[in-house]
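Peer 1: Below you will find the structure I want to go over with you.
In the UniProt record's numbering, the protein residues as written are 1 to 259.
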């Protein structure tokens, strides 16, 4: 089966300021699906109308990042912010319901500023597990899937709590809910661990969504870099991956289409 690609509207077509316009540009570029981070400033009705006009599916959204002035980047694993996480989850579910999106990335969040990761790792994991179980129950009522994504702590976000697929898989096993899956961004995975072929083979049963960008520049897959995407795409096909491959990168050329 041929791979299915989705355009990440938070990254692609940056020359267009509004998400509906980016969605329409994605359709013109040949995409059949789109995804986005938290679509702040774009009403769900506007994005839904644009998707209807263009004949595209919205396949992934994030939970809200939290308080930007406090440096928050998700709340799922942040002790003391459980109520805010649940409120953000409810908002994300309402938005996703309107646009017909079946997947929500449940952002873990950052280790608090000035605190050593090791000192709070146990408390943050316990908080994340508690919040993920709550999210799984909420999402099950909507027939939606929750995703957790490791983000590399070497370059992109040194304080992000969830940073390897191994850590994510262990937490998902402890949570034990079938509608929670792994969101594997190959850019982050390569930086933290490499060994992409074995990681894809190992974690394929857990993977609910894949994202791509070249390493180290985080540009188009066909830009210069470490990753051999023709090989990776063939591997995913041979493994029988049927989910979407999200194009989440900073385009060097206009739009940054890979299709």
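Glycine included, each C-beta is placed from N, C-alpha and C at the ideal position.
Mapping DSSP to helix, strand and coil, what is residue 256?
Peer 2: In this predicted model, residue 256 has a pLDDT of only 49, less than 50, meaning its place in the structure is not dependable; the value taken from the coordinates is given anyway. Coil.
Peer 1: Mark residue 141 as exposed unless 16 or more other C-beta atoms lie within 10 angstroms of its C-beta, in which case mark it buried.
Peer 2: So residue 141 counts as exposed.
Peer 1: Ordered along the chain, which non-local residues of its own chain (more than five positions away) have a Cβ less than 7 Å from that of residue 235?
Peer 2: 197 and 200
Peer 1: What whole-angstrom Cβ distance do residue 109 and residue 77 have, given they're in contact under 8 Å?
Peer 2: 5 Å
Peer 1: Please classify residue 126 as buried or exposed, where buried requires at least 16 neighbouring CB atoms within 10 angstroms.
Peer 2: Exposed, because fewer than 16 other Cβ atoms sit within 10 Å of the Cβ of residue 126.
Peer 1: As a quick exercise: from 174, 178, 194 and 116, pick the residue whose alpha carbon is nearest that of residue 160.
Peer 2: 116
Peer 1: Quick one: using the 10 Å Cβ neighbour count with 16 as the cut-off for buried, is residue 239 buried or exposed?
Peer 2: exposed
Peer 1: Nearest to residue 4 by alpha carbon, out of 95, 23 and 33?
Peer 2: Residue 4 has its Cα closest to that of 33, out of 95, 23 and 33.
Peer 1: Between the C-alpha atoms of residue 182 and residue 98, what's the straight-line distance to the nearest angstrom?
Peer 2: 24 Å
Peer 1: Closest to residue 216 by C-alpha separation, out of 120, 224 and 11, would be which residue?
Peer 2: 224
Peer 1: Specify the secondary structure class of residue 16 as computed by DSSP and reduced to three states.
Peer 2: coil
Peer 1: May I ask which residues mark the beginning and end of the beta strand (DSSP E) holding residue 5?
Peer 2: 4-8
Peer 1: Give the range of the beta strand (DSSP E) segment to which residue 248 is assigned.
Peer 2: Here residue 248 belongs to no beta strand (DSSP E), and DSSP marks it neither H nor E.
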